[in-house]
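**Student:**
Numbering (my numbering), first residue to last: 149 to 541.
Written as structure tokens, this is what we have:
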């Protein structure tokens, strides 16, 4: 702090072009001899911490319609065809509609519709009082694999059946700050398992509780710290999330509590934009009796590429993924990385030994509102080829 003696010049005096220097001094004499305490104000700190208008407003100046025909091959699904459509801000309120229709030669029938208001990317890094997400997902597999339950399930015991899950959910979220988001929702899930071939394998290794329909209604919530610069194609930032799901058995015939934690990190290494992306996730179920329909699954397109879908089933699951994402040309990019994971029946069994570790390579095609990905995973028992939308994380 310091003591200063200053003269304050009134604007009216400066506007008077006929005023002489002497008259100017006299008019401002009352303010020319004052004392006080002066302090320096760090404007950089204020600019960094102050709430900006853009933190609470959405850009509704444009709308988007994107459509993509699908023709691909997937190890689990076979040759597939279909279409994906994405509509953004067509009603002028920042909403988005996302629809996927897909059929495959191995019998997958996947229909998914999602509504988000405001759109997930529009509201990312914003402060908002409420957002609503509605999702309906039907994903029938006529030829789904079953290997058994637990880390010791043998690949040679692979059997096939028809799995038909239907899931409907609605969630409400709030952006408390630009990086902290809370969400609460309700979900209904029903799964029908059928089409068991009367083979020697099924007779020799029965799967109690696998057949028939099981349904459950659940409530779920999450709290997330999210500093990513984008939800579609992030190049930097961190995600730390804790979540819980409770199925009390009031709706349906399945009861459980699921707890989970996820950590993600994105580093921009160098230019052209090359990103190192990592994820670690852990989930566990608490329940006296969990049917196979509801067990945690490891393997396939979104967790352990290179291992078949549902390769490992149990109550506790951990997965770790690392990808180096780099540009190739135009909208095309490449990926090299590793997936690792394992399942356990009890918390006391969790360790770092005998994890499945699969190297992965892939291609990416970046649209304005979503990413198309094609991956090849190299497992200990199989090699998997996968086509889907969005990064694995």
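Built from N, CA and C at the ideal position, the CB exists for glycine as well.
Just so we're clear, the structure is a prediction, and the values are computed from it rather than from any experiment.
Exposed or buried, which one is residue 154 when buried takes at least 16 other CB atoms within 10 Å?
**Tutor:** For residue 154, the pLDDT reaches just 49, beneath the cut-off of 50, and the residue's location in the model is therefore unreliable, although a value from the coordinates is still provided. Label assigned to residue 154: exposed.
**Student:** Am I right that residue 341 and residue 441 are in contact with their C-beta atoms under 8 Å? What's the rounded C-beta distance?
**Tutor:** About 7 Å; that satisfies the 8 Å criterion.
**Student:** I'd like to know if the segment 298-311 and the segment 489-500 are in contact, where contact means that at least 3 CB-CB pairs between them fall below 8 Å.
**Tutor:** Taking 8 Å as the limit for Cβ pairs, the verdict is that the segment 489-500 does touch the segment 298-311.
**Student:** In terms of DSSP beta bridges, what is residue 341 paired with?
**Tutor:** For residue 341, which the question treats as bridged, DSSP gives the partners 311, 360.
**Student:** Would you grab the beta carbon distance between residue 511 and residue 482 for me? Rounded to a whole angstrom, and I think it's under 8 Å.
**Tutor:** Confirmed, Cβ separation roughly 6 Å.
**Student:** Which of the three DSSP states is assigned to residue 478 in this structure?
**Tutor:** It is coil, neither helix nor strand.
**Student:** Taking the alpha helix (DSSP H) that residue 271 belongs to, which residues open and close that run?
**Tutor:** Per DSSP, residue 271 belongs to the alpha helix (DSSP H) from 268-271.
**Student:** With respect to the beta strand (DSSP E) encompassing residue 494, which residues constitute its N-terminal and C-terminal limits?
**Tutor:** Where residue 494 is concerned, there is no enclosing beta strand (DSSP E), given that its DSSP letter is neither H nor E.
**Student:** Applying the criterion that 16 or more other CB atoms from any shown protein chain within 10 Å of the CB defines a buried residue, is residue 202 buried or exposed?
**Tutor:** It is exposed - the Cβ of residue 202 has fewer than 16 other Cβ atoms within 10 Å.
**Student:** Excluding sequence positions up to five away, which residues of its chain have a Cβ less than 8 Å from the Cβ of residue 212?
**Tutor:** Result list for residue 212: 234, 235, 236, 237, 516, 517, in chain order.
**Student:** Nearest by alpha-carbon distance to residue 535: which of 529, 519, 527 is it?
**Tutor:** The shortest Cα separation from residue 535 among 529, 519, 527 belongs to 519.
**Student:** Taking 8 Å as the cut-off, decide whether the C-beta atoms of residue 258 and residue 245 are in contact.
**Tutor:** No; because the gap between Cβ atoms is not below 8 Å, this pair is not in contact.
**Student:** Whole angstroms are fine: how far does the CA of residue 208 sit from the CA of residue 459?
**Tutor:** Residue 459 and residue 208: Cα-Cα distance of roughly 44 Å.
**Student:** Could you pull out every unbroken beta strand (DSSP E) segment of at least 3 residues lying fully inside the segment 235-304, listed in chain order?
**Tutor:** Counting only runs of 3 or more, we get 244-252, 256-265, 276-294.
**Student:** Is it buried or exposed, residue 241, if we count other Cβ atoms within 10 angstroms and call 16 or more buried?
**Tutor:** Residue 241 is exposed by the Cβ-count criterion.
**Student:** Can you give the beta carbon distance from residue 429 to residue 410, rounded, assuming they're within the 8 Å contact cut?
**Tutor:** The pair is a contact, with the Cβ atoms about 4 Å apart (cut-off 8 Å).
**Student:** Consult DSSP for residue 504 and reduce its assignment to one of helix, strand or coil.
**Tutor:** Residue 504 falls in the strand class under three-state DSSP.
**Student:** Starting from the C-beta of residue 449, find all residues in its chain whose C-beta is less than 6 Å away, skip the five residues before and the five after it, and write them out in chain order.
**Tutor:** Excluding sequence neighbours, residue 449 sits near 534, 536.
**Student:** Is the distance from the Cβ of residue 401 to the Cβ of residue 368 below 8 Å?
**Tutor:** Cβ atoms of residue 401 and residue 368: not closer than 8 Å.
**Student:** Helix, strand or coil for residue 441? Go by DSSP, reduced to three states.
**Tutor:** If DSSP states are grouped into helix, strand and coil, residue 441 belongs with the helices.
**Student:** Compare the beta carbon distance of residue 224 and residue 456 with 8 Å and say whether it is the shorter of the two.
**Tutor:** In this structure, residue 456 lies closer than 8 Å to residue 224 by Cβ.
**Student:** Going by C-alpha distance, which of 215, 255, 513, 462 is nearest residue 291?
**Tutor:** Nearest of 215, 255, 513, 462 to residue 291, Cα basis: 255.
**Student:** Tell me the rounded alpha-carbon separation between residue 464 and residue 447.
**Tutor:** C-alpha separation (whole angstroms): 14 Å.
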